[in-house]
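Everything on this sheet refers to the single structure shown next.
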Amino acid sequence: MDRNNLPPNYYGSPYPPTMEANNPYPNMGINPPYPSRAEPPSNTPQTNTSYETNQYYFTKYLNEHIGKNVTVYCSFTDSADWHDKVFKGKVTGAGDDYLIVDEVSLNKEVLILSVYIHFVEFDK
């Protein structure tokens, strides 16, 4: 056997296998091409309106009720003392993921993360 020729492998094809020998579709690469995704023009604002609507609805609604009396029902699942807690007071601020309630009777201002809030009641 000549040193320039490689010995055949078990199946009789040259070793190491070449791309042409193992690829049944020679016009395609090893990996099939991925379909290209249509990209919007760069001057078009890329917004997901349903996500933004849901994300900012909480903030927008609570900011409209700043200064009004509110009852906030919360659950803190990891706490034995504060498992279910009700906060009563006035809304002093709200953000994307929090609510600030001024509890006048306790002389405290409480910042509540929205993940703990079940629902909110406003007094008319």
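Counting in my numbering, the sequence shown runs from 2 upward without gaps.
Where a beta carbon is used, it is the ideal one built from N, C-alpha and C, also for glycine.
Looking only at K109, H66, L107 and K61, the smallest Cα-Cα distance to F123 is reached by H66.
Its Cα nearest to that of V87, the residue V71 stands out among V71, N64 and A95. Non-local beta-carbon contacts of L63 in its own chain, meaning distances under 8 angstroms to residues more than five positions away in sequence, involve V92, A95, L100 and V121 in chain order.
The straight-line gap separating the alpha-carbon atoms of V73 and Y117 is approximately 10 angstroms. Annotation: V105 to K69 spans about 12 angstroms, alpha carbon to alpha carbon.
In the structure shown, S76 adopts extended strand secondary structure according to DSSP, grouped into three states.
In the displayed model, L63 falls within a helix according to three-state DSSP. In this structure, the alpha-carbon of I113 lies about 9 angstroms from that of C75. Annotation: N44 to H119 spans about 40 angstroms, alpha carbon to alpha carbon.
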